[in-house]
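Student:
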Amino acid sequence: MGWLDRVDDQVDALRRARALQEASRSAEACGLLEAVLRSTTDPNTRADALVQRLCALINLGRTAEFTGAIEEASTAVRDLPEPYLHGHLNALAALAAHHQGALDRCVTHLVRAARALGAAEERDRDTAWGWHDLAMAYSYLSFHGYALGAIERARQHGLAAGLPEEVFAAPGIRLRNAVALDHNGDSDGCLRVLRDIAIDLNRFVRDGRSDRIRPSSLAAYGYAAARRAALGDPLETGTKTDPVRLLAHGGDSARARDMRQLGQVCLAVADGRPIEAITRLDTALVSNETLGAAEPSRLRSIAYARAGDHVAAHRADRMAFRLAAQRNDRLRDVYIDGIAARIDHEEMRREAARYEGEALTDPLTGLPNRRRLERYIASVTSRGERVVIGVCDLDGFKAVNTTHGHHSGDLVLQRIAGVINRVMRRGDFVARYGGDEFVVVLSGAGMTEAAEVARRIHAAVRTEDWESLVPGTPVGVSIGFAEVDGAHGALRDALGTAFEIADREMLRAKTRPRAS
Numbered sequence: 001m002g003w004l005d006r007v008d009d010q011v012d013a014l015r016r017a018r019a020l021q022e023a024s025r026s027a028e029a030c031g032l033l034e035a036v037l038r039s040t041t042d043p044n045t046r047a048d049a050l051v052q053r054l055c056a057l058i059n060l061g062r063t064a065e066f067t068g069a070i071e072e073a074s075t076a077v078r079d080l081p082e083p084y085l086h087g088h089l090n091a092l093a094a095l096a097a098h099h100q101g102a103l104d105r106c107v108t109h110l111v112r113a114a115r116a117l118g119a120a121e122e123r124d125r126d127t128a129w130g131w132h133d134l135a136m137a138y139s140y141l142s143f144h145g146y147a148l149g150a151i152e153r154a155r156q157h158g159l160a161a162g163l164p165e166e167v168f169a170a171p172g173i174r175l176r177n178a179v180a181l182d183h184n185g186d187s188d189g190c191l192r193v194l195r196d197i198a199i200d201l202n203r204f205v206r207d208g209r210s211d212r213i214r215p216s217s218l219a220a221y222g223y224a225a226a227r228r229a230a231l232g233d234p235l236e237t238g239t240k241t242d243p244v245r246l247l248a249h250g251g252d253s254a255r256a257r258d259m260r261q262l263g264q265v266c267l268a269v270a271d272g273r274p275i276e277a278i279t280r281l282d283t284a285l286v287s288n289e290t291l292g293a294a295e296p297s298r299l300r301s302i303a304y305a306r307a308g309d310h311v312a313a314h315r316a317d318r319m320a321f322r323l324a325a326q327r328n329d330r331l332r333d334v335y336i337d338g339i340a341a342r343i344d345h346e347e348m349r350r351e352a353a354r355y356e357g358e359a360l361t362d363p364l365t366g367l368p369n370r371r372r373l374e375r376y377i378a379s380v381t382s383r384g385e386r387v388v389i390g391v392c393d394l395d396g397f398k399a400v401n402t403t404h405g406h407h408s409g410d411l412v413l414q415r416i417a418g419v420i421n422r423v424m425r426r427g428d429f430v431a432r433y434g435g436d437e438f439v440v441v442l443s444g445a446g447m448t449e450a451a452e453v454a455r456r457i458h459a460a461v462r463t464e465d466w467e468s469l470v471p472g473t474p475v476g477v478s479i480g481f482a483e484v485d486g487a488h489g490a491l492r493d494a495l496g497t498a499f500e501i502a503d504r505e506m507l508r509a510k511t512r513p514r515a516s
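FYI, in the UniProt record's numbering the residues of the sequence shown are 1 to 516.
1) Need the endpoints of the alpha helix (DSSP H) that residue 384 sits in, please.
2) If you reduce the DSSP assignment to three classes, tell me which class residue 10 lands in.
3) For residue 519, which residues from the same chain have a beta carbon less than 7 Å from its beta carbon, with the 5 sequence-adjacent residues on both sides left out?
4) Given this structure, state the Cα-to-Cα distance separating residue 152 from residue 62, to the nearest angstrom.
5) What are the start and end residues of the alpha helix (DSSP H) that includes residue 204?
6) Counting only the same chain and skipping the five closest in sequence on each side, list residues whose C-beta sits under 8 Å from that of residue 163.
7) Buried or exposed: where does residue 500 fall if 16 or more other Cβ atoms within 10 Å of its Cβ makes it buried?
8) Once the 5 residues before and after residue 25 are set aside, which same chain residues still bring their CB inside 6 Å of it?
9) Just reading off the alpha helix (DSSP H) that residue 66 is part of, what are its end residues?
10) If you drop the 5 nearest sequence neighbours on each side, which residues of the same chain put their C-beta closer than 7 Å to that of residue 53?
11) Give the straight-line distance between the Cα atoms of residue 100 and residue 380, rounded to the nearest whole angstrom.
12) Can you tell me whether residue 407 is buried or exposed, with buried defined as 16 or more other CB within 10 angstroms of its CB?
13) Determine the extent of the alpha helix (DSSP H) in which residue 275 is found, giving its start and end residues.
14) Within 10 Å of its beta-carbon, does residue 259 have 16 or more other beta-carbons around it, so buried, or fewer, so exposed?
15) Using the C-alpha atoms, what's the distance from residue 10 back to residue 28?
16) Answer yes or no: do residue 480 and residue 506 have a C-beta to C-beta separation smaller than 8 Å?
17) State yes or no: is the C-beta of residue 482 nearer than 7 Å to some heavy atom of the ligand ADP?
18) Check the C-beta distance from residue 155 over to residue 168 and give it rounded, since I have them as a contact under 8 Å.
19) Report the CB separation of residue 215 from residue 23 in whole angstroms; it is logged as a contact under 8 Å.
20) If we call anything under 8 Å between Cβ atoms a contact, is residue 147 one with residue 135?
21) Pull up the DSSP beta-bridge partners for residue 233, would you.
22) Counting Cβ pairs closer than 8 Å, one from the segment 302-312 and one from the segment 267-275, do we hit at least three?
23) Using C-beta distances below 7 Å, list every residue in its chain close to residue 264, excluding the 5 sequence neighbours before and after it, in chain order.
24) Name the DSSP bridge partner or partners of residue 430?
25) When you compare each of 419, 467 and 497 to residue 388 by their alpha carbons, which one comes out closest?
26) What does residue 390 pair with, by DSSP beta-bridge criteria?
27) Under the rule that 16 or more other beta-carbon atoms within 10 Å means buried, what is residue 325, buried or exposed?
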């Protein structure tokens with residue numbers, strides 16, 4: 001079941017908006033989403049519409065509206081537990097931050113997006129698009145390895161949801177990888193990637209699947225073909241892979257408009273019209289973010305070289321290399337500043353945790369204390385999870401203190417804490433409640449699981465070598481379990497009732513005969 005299956009209001013309109021954006025008709029999608037926002041009172045619908053609206057604004061290149069759209073979407077999504085929404089919002093916020101030149105904020109959103117999308121359990125269409133937009137953000141930031149990994153996740157989710165392979169072929173991501181290689185002097189590597197892109201397109205055309213490729217992807221295929229021709233490969237015309245035909249696609253996408261302008265420059269170079277290419281570059285208005293700030297300078301260098309002006313070509317090439325290096329320098333600064341901030345944060349966190357830990361941790365056993373136990377149960381039950389609590393009371397502990405002294409009693413408590421902790425399930429919670437009493441919390445469990453946990457605790461305590469620690473004084477444990485019913489009444493009352501029941505069950509266990 002996907003995210004939209006859990007949305008109750010205006011789902012058809014939200015699906016229509018998605019389809020419009022996939023068809024590169026983001027302006028229409030924006031109008032439809034505005035109408036949804038004016039009429040809905042459902043928080044899930046509002047959150048989805050605001051995330052989609054942010055996506056549409058990014059597609060349209062309406063940079064001035066990014067900040068307000070992110071704030072609105074963040075407010076709507078903040079208290080919703082759906083990981084897909086948080087992941088997709090952060091992926092889009094990363095794209096917006098990149099377009100605004102805020103690389104540190106962009107990197108932060110990338111990390112949050114990957115964590116949230118990684119926590120989404122459903123392999124559905126929406127999560128696939130979330131991974132796609134995260135891959136795009138990675139790609140614009142020149143994190144090409146991460147981008148390819150994310151687009152593969154998008155492809156896997158898409159295939160599971162019934163989307164065809166070509167939807168997430170991602171020519172734009174590989175295209176940016178190719179031109180980045182060229183900007184840094186590796187034209188052969190650039191050509192290899194561009195030829196691989198062409199092979200994929202030819203396969204889709206041959207198999208009759210080209211009509212299902214998204215318009216913005218067709219524009220990227222067109223630019224890849226034109227760029228390859230500018231570097232000397234033969235120019236294909238008159239077929240479905242003709243770059244002139246492909247570059248005409250892309251609808252109202254700002255990125256597609258940029259590729260159309262620069263694609264015309266590449267085609268002029270390939271057609272032996274380098275002076276026209278240079279003139280086009282002089283008047284082109286393209287975003288530095290579409291193919292990198294260095295791309296116009298690199299194309300200028302290629303055009304000057306074709307025109308025979310090698311001094312000007314060399315000068316333009318140096319500019320392209322310098323612009324590419326500036327991006328790397330900025331990323332390095334973000335990385336270093338981020339590490340410094342993290343070190344400062346970790347030092348402050350450790351200092352705060354030391355005082356917090358003293359208040360929430362039992363100093364003898366190192367286990368959480370009663371105060372932290374109550375916080376934990378409140379947190380789990382507030383999420384609607386099933387909770388079973390178990391009260392564990394030591395048998396024979398008074399005799400340990402009387403016969404061997406309180407120091408030996410402390411050693412027994414420490415060992416019992418370790419024994420119980422060792423046999424619990426992953427994710428279970430153990431606390432010292434006071435004296436010789438311990439409490440275990442099993443989240444997402446019922447009484448069947450509780451019985452199995454009790455069996456493991458009994459077995460572990462029974463096989464422990466108490467004779468070497470407190471000779472002649474056997475140590476055992478009695479356990480009682482009860483479910484916390486947080487569905488009715490106040491949580492404090494529900495906890496109190498559960499503790500009373502578990503305590504009574506523990507006392508009954510003390511009176512039952514034990515297996516030797």
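Using N, Cα and C, we set each Cβ at its ideal position, and we do this for glycine too.
Keep in mind the model is a prediction, meaning the values are calculated, not measured.
Tutor: Considering the structure as presented:
1) As a first step, residue 384 must be located in the sequence shown, where it is residue number 384. Element bounds for residue 384: n/a, residue is neither H nor E.
2) For the purposes of this step, residue 10 is taken as residue 10 along the sequence shown, with counting starting at 1. In this structure, residue 10 counts as coil in the three-state DSSP scheme.
3) The shown model of the chain, from 1 to 516, leaves out residue 519, and the question about it has no answer.
4) For the purposes of this step, residue 152 is identified with residue 152 of the sequence shown, where counting begins at 1. For the purposes of this step, residue 62 is identified with residue 62 of the sequence shown, where counting begins at 1. Approximately 29 Å, taken between the alpha carbons.
5) The residue given as residue 204 occupies position 204 in the sequence shown. Taken as a continuous stretch (DSSP letters only), the alpha helix (DSSP H) holding residue 204 covers 187-206.
6) The sequence position of residue 163 within the sequence shown is 163, counting from 1. For residue 163, same chain residues with a beta-carbon under 8 Å away, outside a window of 5 residues either side, are 125 and 128 in chain order.
7) Reading the sequence shown from its first residue, position 500 is the one you call residue 500. By the 10 Å Cβ count, residue 500 comes out exposed.
8) As a first step, residue 25 is located in the sequence shown; it is residue number 25 there, counting from the start. The residues are 251.
9) For this step, residue 66 is matched to residue 66 along the sequence shown. Taken as a continuous stretch (DSSP letters only), the alpha helix (DSSP H) holding residue 66 covers 66-77.
10) The residue labelled residue 53 in the question sits at position 53 within the sequence shown. Closer than 7 Å at Cβ, skipping near neighbours: 30, 33 and 69.
11) Locating residue 100 in the sequence shown gives position 100, counting from the first residue. Locating residue 380 in the sequence shown gives position 380, counting from the first residue. Spanning the two alpha carbons is a distance of roughly 39 Å.
12) Mapped onto the sequence shown, residue 407 falls at position 407. Exposed, because fewer than 16 other Cβ atoms sit within 10 Å of the Cβ of residue 407.
13) Position 275 of the sequence shown, counted from the start, is the residue given in the question as residue 275. First-last of the alpha helix (DSSP H) with residue 275: 274-283.
14) Residue numbering aside, residue 259 sits at position 259 when the sequence shown is read from its first letter. The residue is buried, with at least 16 neighbouring Cβ atoms inside 10 Å.
15) For the purposes of this step, residue 28 is taken as the residue at position 28 of the sequence shown. For the purposes of this step, residue 10 is taken as the residue at position 10 of the sequence shown. Rounded to the nearest angstrom, the two C-alpha atoms are 17 Å apart.
16) Here the question's residue 480 lines up with position 480 in the sequence shown. Here the question's residue 506 lines up with position 506 in the sequence shown. The answer is yes: Cβ separation under 8 Å.
17) Absent from the structure shown: the ligand ADP. Ligands present: none.
18) Residue mapping note: residue 155 aligns to position 155 of the sequence shown, counting from 1. Residue mapping note: residue 168 aligns to position 168 of the sequence shown, counting from 1. The Cβ separation is near 4 Å, so the contact holds.
19) Looking up residue 215 in the sequence shown gives position 215. Looking up residue 23 in the sequence shown gives position 23. Residue 215 to residue 23, Cβ: 6 Å. Contact.
20) Working through the sequence shown from its first residue, we reach residue 147 at position 147. Working through the sequence shown from its first residue, we reach residue 135 at position 135. Their beta carbons are under 8 Å apart, which means residue 147 touches residue 135 by this criterion.
21) Mapped onto the sequence shown, residue 233 falls at position 233. Residue 233 is not bridged to any residue.
22) yes
23) The residue labelled residue 264 in the question sits at position 264 within the sequence shown. Counting only Cβ-Cβ distances below 7 Å, and skipping sequence neighbours, we find 280.
24) By 1-based counting over the sequence shown, the position of residue 430 is 430. Paired residues: 440.
25) Position 388 of the sequence shown, counted from the first residue, corresponds to residue 388. The shortest Cα separation from residue 388 among 419, 467 and 497 belongs to 497.
26) One-based indexing of the sequence shown puts residue 390 at position 390. Per DSSP, 440 and 481.
27) Locating residue 325 in the sequence shown gives position 325, counting from the first residue. So residue 325 ends up on the exposed side.
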